[in-house]
Amino acid sequence: MPSPFKRNISLTGDTRLTGISLTDSKEFAAGFPGIKVAIQHTFKEMGALEALGTLSKMNQKDGFDCAGCAWPDPEKPSKLGEYCENGAKALAEEATYEKVDADFFKKHSVEEISTWSDFHIGKSGRLTQPMILREGSIHYEPISWDAAFDKIAVHLKSLASPDEAIFYTSGRSSNEAAFLYGLFVRAFGTNNMPDCSNMCHESSGVALSETLGIGKGSVKLEDFDEAEVIIVMGQNPGTNHPRMLSALEKCKKNGGKIISINPLAEAGLIRFKDPQSLSGITKGTSLTDIHLQVKINEDVALLKLLLKKLAHLERSGKTVFDHSFIETYTEGFDQLLKDLERYSENELLERCGIPEETIDEAVSLLAKKNKIIICWAMGLTQHKNGVDNIKECVNLLLLKGSLGKPGAGTCPVRGHSNVQGDRTVGIMHHVSKELNQSIEKVFGFTPPNKEGLDTVKALEAMHEGRAKVFIGLGGNFASAVADTHYAAEALQNCDLTVQISTKLNRSHLITGKTALILPTLGRSEKDNSNGKERFLTVENSMGKVHRTKGVLQPKSEHLKSEPEIIGGIANAYFKNQHPVAWEVLGKDYDRVREKMSETLIGFESVQKDSKGSGYYLPNNVRELDFSKLEHGKAKFSLCKMASHERKPNEFLLMTIRSHDQFNTTIYGLNDRYRGIQNERRVLFMNPKDLEQFGYKTLDIVDLVSSYDSVERRAKKFLVVPYNIPQGNLGAYFPEANMVVPHNHYADKSNTPISKSIIVHLERSK
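So the working numbering is basically just the index in the sequence shown, starting at one, shifted up by 6.
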């Protein structure tokens, strides 16, 4: 069948199976295997001496922040190295000797590269100079920086409305770059600023803002030392946030208990061997005390069951809830208890699929404790009822008075190193009246007051031809978003797509009529201007702002920093006919921070206080100040349970990461914690389901979803028996994104339903 696109581009790349071998899933995370793999990756990509010297500076007070996850750094970093296996892999990818230059693109067309696997594309190397893919061409060719900026300016000026442009942001950008980017977008005249948080923790932001008055978590890293109970929900820290395991281990050693809630029993929450201490490597710590293996997206049912049983203990005369806290700081308590009466325990037990004796064990523990932290990630947010999932977590914390005290609070664990900072400094499609007023006062222009487009709505606008220019500040938009085929059509409808990137990815191949690649410095690289080394700042997952300063020589003399690129685009567009000195700000980070301090709450002393371990931003929940909410009280919520109407032959699929990837970046083809070697096209399935539906291990099937009478298909997945609830399936993204519908998403937050897709299986032809 001929391609509907002008360029013959493969949307998924090489789908051939790569030769799987299966081993037993692991009983612990990290340890010697983690050290071995980290060394192998870094030594191969950047050489032994450079690797060891650079790793010693990662996540240190005088070094650079890891470009991976946003887990906080301790006050006293480990002398053996404050990084994890995946952080080392992220460094290796960024600091690789391999380069993608003009000769590479002359040799390989975008049509050819698109047929490669994501792993192969990523291993091609670092981008070294600005490149343009002209309309009708299939080869990128070099372009000067000034010509690239002018090309963008011409396209932006040709638009009938500023709202015909989309300005996307990934979570890797610095505070300074994101602030300058958001400033330019508003000066241009739109709030079309979708970002990667739309696809991950937007549900958290909505739920926490509505119940507690701030869209981020309330705990600090030191709270893990004092917690009596830590609940880890919908999260696999062993793969996605490995340094978090050290904090959980410390909690255990201080007498705390850990409850894990997840459809999969992940290795990192079974046992952890800390590679940052000699004793930890050899002995290890058993982390999870109680594992509640909930069915996919039945977390509200589980939490309601826990709350009902705790309420029953209260009625029997035991003191379980913190009534003083409830009376002083909350509203809606009586309505919550009345609503719980609507549900029977048997119904809730059946829905969550967990033995009652295990539930009762968790209830007994929670009844006695009030220093409770709840951590969660995309396993809770990427559902139709994602916002309610988080609100039900807040209900439990409010009942126990587990906020505003040491060892207690909310902990949404962010997936990318500065995704929270981007939002803090102004990357949002929502309109903030306070921020707009501040920008007008400081910079002398009036920002737009019309709400912009989030990721879902931006896709629709591009697909329908209502948006014609796409600019991506980092990330791999084509692979990250839901509904791969729809997303590709949307991007290819654009007149111009621009990617500001460090490495080659699929978004450089699925493009508009004209495409630009603008290569930028990596987090680990020195950022010099006129002989002076510059630093940037980031915000970690717990609201602390600190500096990051690269140590490696840039991979090419043609690279620019993200602020310089943004300043160059803005200067080319406005031609000095604007009150903001764009080019100056792009080069002078101290000046940017000066403007941030005048514009943003919490950044008044960012230049000084970001030194060393940094400083915490204001957080009303830590102070038990709910004055911004109606009636000045934190809110109990009446949450609905999930609704999935499945036919007898249908399953509920969740997309997951392998241990050899970070977001859409594929480091390798192994998932050693789950026993998968040399393959990514894998479908995890309960052994009883294999037997019931007549499948055998390594049978090849297609995943098929059908929403709104549209069939979506992800081809050639190997069936692997695994400890996952019956009726549930797991598969890696981005490969499984083909079956995620773009137009089904969480209420209020618009986060895609990537963790609960109804599918059926067909044998591959």
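All residues carry an ideal CB built from backbone N, CA and C; glycine is no exception.
Check whether Gln135 and His564 have beta carbons under 8 Å apart: One-based indexing of the sequence shown puts residue 135 at position 129. One-based indexing of the sequence shown puts residue 564 at position 558. A contact, by the Cβ cut-off of 8 Å.
task: Within its chain, find whatever has a CB closer than 6 Å to the CB of Arg553; leave out the 5 residues flanking it on each side and keep chain order.
output: As a first step, residue 553 must be located in the sequence shown, where it is residue number 547. Excluding sequence neighbours, Arg553 sits near Phe541, Thr543, Ser616.
Reference Gln241; option with closest CA among Ser210, Tyr146, Ala383, Ser603: Mapped onto the sequence shown, residue 241 falls at position 235. Looking at Ser210, Tyr146, Ala383, Ser603, the one whose alpha-carbon comes closest to that of Gln241 is Ala383.
Ranges of the alpha helix (DSSP H) found wholly within the segment 448 to 518, counting only runs of at least 4: 461 to 469, 483 to 486, 490 to 498
query: Where does Asn577 fall in DSSP's three states?
result: Here the question's residue 577 lines up with position 571 in the sequence shown. Helix at Asn577.
Contact between the segment 634 to 650 and the segment 394 to 403 (3+ Cβ pairs under 8 Å): yes
- prompt: Among all the DSSP beta bridges, which residues are the ones paired with Val106?
  reply: By 1-based counting over the sequence shown, the position of residue 106 is 100. In DSSP, Val106 forms a bridge with Leu133.
message: Let me check one thing: in DSSP terms, what residues is Arg726 bridge-paired to?
response: Counting from one through the sequence shown, the residue named residue 726 turns up at place 720. Here residue 726 is Val; the residue named in the question, Arg, does not match the sequence. Paired residue(s): Phe690.
- request: Would you identify the three-state DSSP class for Asn173, choosing helix, strand or coil?
  value: Numbered from its first residue, the sequence shown carries residue 173 at position 167. Residue 173 is actually Phe in this sequence, not Asn. The answer is strand: DSSP assigns Phe173 an E or B state.
message: Quick check on the burial criterion: 16 or more other C-beta atoms within 10 angstroms. Buried or exposed for Ile15?
response: Residue mapping note: residue 15 aligns to position 9 of the sequence shown, counting from 1. Residue environment analysis places Ile15 among the buried positions, since at least 16 neighbouring C-beta atoms fall within 10 angstroms of its C-beta.
query: What is the residue span of the beta strand (DSSP E) that Leu623 lies within?
result: On the sequence shown, residue 623 is found 617 positions in, with the first residue counted as 1. Neither: Leu623 is in no beta strand (DSSP E) and is coded neither H nor E.
query: Mind checking Ser530: buried by the 16 CB within 10 Å criterion, or exposed?
result: Stepping through the sequence shown from its first residue, residue 530 is reached at position 524. Per the 10 Å Cβ criterion, buried.
query: So Val745 is in the beta strand (DSSP E); what residue range does that whole segment cover?
result: Position 739 of the sequence shown, counted from the first residue, corresponds to residue 745. Per DSSP, Val745 belongs to no beta strand (DSSP E) and is neither H nor E.
- request: Using the Cα positions of Asn424 and Lys85, report the straight-line distance between them to the nearest angstrom.
  value: Here residue 424 refers to the residue found at position 418 when the sequence shown is read from its first residue. Here residue 85 refers to the residue found at position 79 when the sequence shown is read from its first residue. Spanning the two alpha carbons is a distance of roughly 24 Å.
message: Nearest by alpha-carbon distance to His650: which of Ala233, Tyr713, Gly537 is it?
response: Indexing the sequence shown from 1 puts residue 650 at position 644. Residue Tyr713 is the option with its Cα nearest to His650.
query: Who pairs with Lys566 in a beta bridge, going by DSSP?
result: Start at 1 with the first residue of the sequence shown, and residue 566 comes out as number 560. Under DSSP, Lys566 shares a beta bridge with Thr526.
- request: Taking the CB atoms as reference points, tell me whether Val462 and Lys601 lie closer together than 8 Å.
  value: Taking the first residue of the sequence shown as position 1, residue 462 is located at position 456. Taking the first residue of the sequence shown as position 1, residue 601 is located at position 595. No, the Cβ-Cβ distance between Val462 and Lys601 is not below 8 Å.
message: Using 8 Å as the cut-off, can you tell me whether the segment 213 to 223 makes contact with the segment 348 to 356, which would need three or more C-beta pairs spanning the two stretches below that distance?
response: no
message: Looking at His435: is its Cβ nearer than 8 Å to the Cβ of Gly471?
response: Sequence index remark: in the sequence shown, residue 435 carries index 429 (1-based). Sequence index remark: in the sequence shown, residue 471 carries index 465 (1-based). With respect to the 8 Å criterion, His435 and Gly471 are not classified as neighbours on the basis of their beta carbons.
- request: Spatial neighbours of Ala271 within its chain, please: CB distance less than 7 Å, with the 5 preceding and 5 following residues excluded, ordered by chain position.
  value: Taking the first residue of the sequence shown as 1, we reach residue 271 at position 265. Hits under 7 Å: His297, Gln299, Asn729.
message: Let's see if you can read the secondary structure: which residues bound the beta strand (DSSP E) around Asn764?
response: Here residue 764 refers to the residue found at position 758 of the sequence shown. Per the sequence shown, the amino acid found at residue 764 is Ile instead of Asn. That run of the beta strand (DSSP E) goes 763 to 769.
query: Heavy atom of the ligand ADP less than 7 Å from the Cβ of Asn352, yes or no?
result: Absence of the ligand ADP is noted for the structure shown, with no ligands found whatsoever.
- prompt: Where does Asp677 sit, in a helix, a strand or coil, going by DSSP?
  reply: Here the question's residue 677 lines up with position 671 in the sequence shown. The answer is strand: DSSP assigns Asp677 an E or B state.
query: Skipping 5 residues on each side, what residues in its chain have a beta carbon closer than 7 Å to that of Glu141?
result: If you number the sequence shown from 1, residue 141 lands on position 135. Correct list, in chain order: Lys519, Thr520.
message: My output table needs one value for Cys417: the three-state DSSP class, helix, strand or coil.
response: To locate residue 417, count along the sequence shown from 1; it is residue 411. Three-state DSSP puts Cys417 in a strand.
Assigned secondary structure, Thr543 (DSSP; H/G/I helix, E/B strand, else coil): Mapped onto the sequence shown, residue 543 falls at position 537. Residue state, collapsed to three classes: strand.
task: Evaluate the contact criterion for the segment 680 to 700 versus the segment 728 to 746: three or more CB pairs, one atom per stretch, below 8 Å.
output: yes
- prompt: How many angstroms separate the CA atom of Pro693 from the CA atom of Val710?
  reply: Against the sequence shown, residue 693 aligns to sequence position 687. Against the sequence shown, residue 710 aligns to sequence position 704. Distance between the alpha carbons of Pro693 and Val710: 20 Å.
field: N-terminal and C-terminal residue of the beta strand (DSSP E) that Arg553 is part of
entry: By 1-based counting over the sequence shown, the position of residue 553 is 547. That run of the beta strand (DSSP E) goes 550 to 554.
query: alpha helix (DSSP H) containing Val393: first to last residue?
result: Taking the sequence shown and counting its residues from 1, one reaches residue 393 at position 387. Run containing Val393: 392 to 406, per the alpha helix (DSSP H) assignment.
message: Could you tell me the alpha carbon to alpha carbon distance between Val725 and Ser130, rounded to whole angstroms?
response: Within the sequence shown, residue 725 is the residue found at index 719, counting from 1. Within the sequence shown, residue 130 is the residue found at index 124, counting from 1. For Val725 and Ser130, the distance between alpha carbons rounds to 30 Å.
message: Residues in the same chain with beta-carbon distance under 6 Å from Tyr146, minus the five sequence neighbours each way, listed in chain order, please.
response: The residue labelled residue 146 in the question sits at position 140 within the sequence shown. Cβ within range, chain order: Phe111, Met137, Leu139.
field: Cα-Cα separation, Thr60 to Gln66
entry: On the sequence shown, position 54 is the one that residue 60 refers to. On the sequence shown, position 60 is the one that residue 66 refers to. Approximately 11 Å, taken between the alpha carbons.
message: Please classify Glu446 as buried or exposed, where buried requires at least 16 other C-beta atoms within 10 Å of its C-beta.
response: Locating residue 446 in the sequence shown gives position 440, where the first residue counts as 1. If you draw a 10 Å sphere on the C-beta of Glu446, you find fewer than 16 other C-beta atoms in it, and that means exposed.
query: Pick from Pro168, Ala154, Lys12: whose alpha carbon is nearest that of Lys474?
result: Position 468 of the sequence shown, counted from the first residue, corresponds to residue 474. When only C-alpha atoms are compared, the closest one is Pro168.
- request: Thinking Gly25 and Asn684 are a contact (beta carbons under 8 Å), I'd like their distance in whole angstroms, please.
  value: Locating residue 25 in the sequence shown gives position 19, where the first residue counts as 1. Locating residue 684 in the sequence shown gives position 678, where the first residue counts as 1. That belief holds up - the Cβ atoms of Gly25 and Asn684 are roughly 5 Å apart, short of 8 Å.
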